[in-house]
Structures are given as structure tokens and as C-alpha cells.
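Residue numbers (this note's numbering): 4 to 296.
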């Protein structure tokens with residue numbers, strides 16, 4: 004057996020046609036994903052967190068906790084400022100969340116001491132909960148090199164990090180800088196590479212629409228079945244070639260009868276040719292995973 008390949012789904016937030024949070028659709032999606040994957044990353048980038056008000060974010064976290072349980076939910080409470088993030092962390096903890104994540108501060112520059120204080124305040128607001136830094140330089144304008152992350156993690160009691168964008172290829176360096184912590188990759192294109200680099204697993208946006216592929220690949224990798232893993236990776240390669248965007252994930256979910264494509268943010272919906280390619284990939288899931296759709 005190989006080390007377990009962990010896949011958390013960075014779930015999209017499903018809205019009704021009028022732009023309101025669709026509680027029923029989100030509940031159904033959470034339940035479906037929980038039956039296949041290791042857990043949910045709620046109200047993150049794929050969840051359009053900047054477009055959610057606090058009550059909506061907390062309602063989604065509460066919904067996920069009820070459907071999945073606290074051990075299988077990472078609740079994202081990040082905002083640009085520590086006061087706001089700490090308030091969300093405290094509220095999420097009161098709902099039962101035991102695993103939290105917070106994106107780094109964004110918009111304004113951040114000194115190392117300010118970054119330490121930012122995460123320390125969030126950690127202290129939800130004492131007892133695991134706290135993960137969410138590092139995504141392209142979205143925040145803030146690069147956190149591995150040595151700086153290790154210093155912040157020690158100062159603030161972090162449990163690990165989610166590494167996205169240009170931080171993801173440096174996962175092995177983050178593992179080396181903070182070997183006792185759990186590093187998740189936001190790059191879900193090749194889970195085996197993440198595990199080889201010492202990562203704990205992937206937090207995957209695409210898995211919201213294609214969980215069967217990720218579940219089968221993770222199981223094959225954990226079992227050490229190289230032939231099956233290679234076969235499932237080929238399917239994943241085709242999905243990755245379709246590109247990554249919230250609009251594409253939501254379109255695939257709509258084809259599967261799991262919510263509409265309504266979004267609050269600019270999410271790069273697929274054009275006609277790409278829509279056809281996504282439809283073909285979704286149609287191919289039925290014979291590949293009979294009885295699991």
C-alpha cells in the first residue's frame with residue numbers, strides 16, 4: 004500500500020437563477036461528493052467567497068458540517084483583514100468546525116510581522132481548531148516563500164497550508180521548510196505528483212464536477228495499482244485539458260443535473276465548442292463509472 008491520496012473538493016457555491024444561494028442544490032452536491040471523496044473545502048475561491056456575505060458563508064459551512072461532519076470539512080474564513088477573519092473563525096468554530104483555512108491578506112502589501120499577527124489572531128479566535136494558510140499569489144498579490152511560511156506557521160500555530168497558483172510547484176520546498184505540517188496542493192492536475200512531493204493531498208476544484216475520476220484515481224494510487232492509476236490519469240488529463248474555471252465546473256454540474264450555471268462573479272463560462280467538449284466528457288462518465296452517477 005502507498006500513502007493515502009487525500010482529495011478534498013473545493014466546492015462551488017450553487018445559486019438559483021435569481022442569484023440567491025440554493026440551499027437544496029448545495030446540500031445535494033455536498034452529499035454526493037461526501038460519498039466519493041475525503042472531504043469538502045467550503046467557501047473558497049471556487050465557492051466565490053468574495054461574493055458571499057458572512058451569513059451566507061456561515062450557512063454553507065453549517066450545511067457542510069451537517070452533511071459531512073467536522074473531520075471532513077475545511078471551512079474557509081479568509082478575508083483581507085484579521086479582525087473580519089477572526090470573527091468568521093469564531094462563528095465557524097461555534098457551529099462545530101474544527102478545521103479552518105484563511106487566505107493570506109490581499110490588496111495591500113503585508114510585512115512578515117503583520118502576516119504572523121494576521122494568522123495568530125485568527126488562530127486565537129478559534130482555539131482548538133486546525134488552521135491552514137491559503138497561499139495563492141496570483142489572486143492576492145502576496146508571495147509567501149517557504150521559509151517565511153515556516154516562520155509564520157510556528158508563530159501562529161498553523162497546521163499546514165493550501166498552495167495554489169505559482170505556490171503549488173514549490174510544494175516540496177514548503178514540505179522541507181515545515182516538515183511536520185500538512186501541505187495540500189490546489190493544483191489538481193496530477194495528484195500522484197503531489198504525493199511524491201510530500202503533500203498530504205489535493206484540494207480540487209474540478210473534483211466538484213468529476214468526483215468519480217478523482218476517487219478512482221486516489222484509490223488506485225493508495226492501493227499501489229499503477230496500471231489502474233495510469234488509466235484514470237488519462238481520463239483526468241482530458242478533463243484538465245478542458246481548462247479550469249468556475250464557469251466550466253458549473254456547466255459540467257448543470258449537465259449532470261446538479262445545479263445551474265448562475266454565478267455572482269466573472270467565472271469564464273465555456274463557449275460553444277468548449278461546452279460540447281465538456282458535454283462529451285460528462286457523457287463518458289456514465290459507461291466509465293456505472294451506478295455511481
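Heads up, the beta-carbon is just placed ideally off N, CA and C, and yes, glycines get one too.
| Query | Result |
| --- | --- |
| DSSP three-state assignment for residue 79, whether helix, strand or coil | strand |
| Alpha helix (DSSP H) runs contained entirely in the stretch 57 to 122, provided each spans 4 or more residues | 57 to 71 and 85 to 98 |
| Backbone CA spacing between residue 269 and residue 86 [nearest angstrom] | 27 Å |
| Bridge partner(s) assigned by DSSP for residue 44 | 13 and 77 |
| Cβ neighbours of residue 70 in the same chain (closer than 7 Å, five flanking residues each side left out) | 30, 33, 34 and 37 |
| Enclosing alpha helix (DSSP H) for residue 276 [first to last residue] | 275 to 291 |
| Where residue 167 falls, given that 16 or more other Cβ within 10 Å makes a residue buried | buried |
| Where residue 254 sits in the DSSP three-state scheme | helix |
| Cβ pair count under 8 Å reaching 3, the stretch 253 to 264 against the stretch 220 to 228 | no |
| Terminal residues of the alpha helix (DSSP H) in which residue 132 lies | From DSSP, residue 132 is part of no alpha helix (DSSP H); its letter is neither H nor E. |
| Cβ-based burial, residue 88 [other Cβ within 10 Å; buried from 16] | buried |
| Terminal residues of the alpha helix (DSSP H) in which residue 174 lies | 174 to 180 |
| Residue 187, enclosing beta strand (DSSP E) - first and last residue | 185 to 188 |
| Chain C contact for residue 150 (CB, 9 Å cutoff) | Going by chain labels, chain C is absent from the structure shown, which holds only one protein chain. |
| C-beta atoms of residue 187 and residue 153 nearer than 9 Å | no |
| Sub-9 Å separation of residue 180 and residue 149 beta-carbons | yes |
| Nonlocal neighbours in the same chain, by C-beta distance under 6 Å from residue 92, ignoring five residues either side | 80, 103, 125, 128 and 129 |
| For residue 166, the first and last residue of its enclosing beta strand (DSSP E) | 163 to 166 |
| Contact set for residue 282: own chain, Cβ-Cβ below 7 Å, skip 5 residues either direction | 258 |
| Member of 50, 105, 233 and 84 whose CA lies at the smallest distance from the CA of residue 113 | 84 |
| Exposed unless 16 or more other CB atoms sit within 10 angstroms - verdict on residue 115 | exposed |
| Cβ-based burial, residue 223 [other Cβ within 10 Å; buried from 16] | buried |
| Buried or exposed by the 16-neighbour rule on C-beta atoms within 10 Å, applied to residue 284 | buried |
| Residue 19, DSSP secondary structure in three states | coil |
| Residue span of the alpha helix (DSSP H) that contains residue 204, given as start and end | Here residue 204 belongs to no alpha helix (DSSP H); instead the beta strand (DSSP E) covers 204 to 207. |
| The stretch 206 to 218 / the stretch 170 to 179 touching (three or more Cβ pairs under 8 Å) | no |
| Assigned secondary structure, residue 147 (DSSP; H/G/I helix, E/B strand, else coil) | coil |
| First through last residue of the alpha helix (DSSP H) which encompasses residue 194 | 194 to 199 |
| Residue burial classification, residue 27 (beta-carbon count within 10 angstroms, cutoff 16) | exposed |
| Secondary structure of residue 24, DSSP reduced to three states | strand |
| Best match in 49, 210, 157 and 184 for proximity to residue 122 [C-alpha to C-alpha] | 157 |
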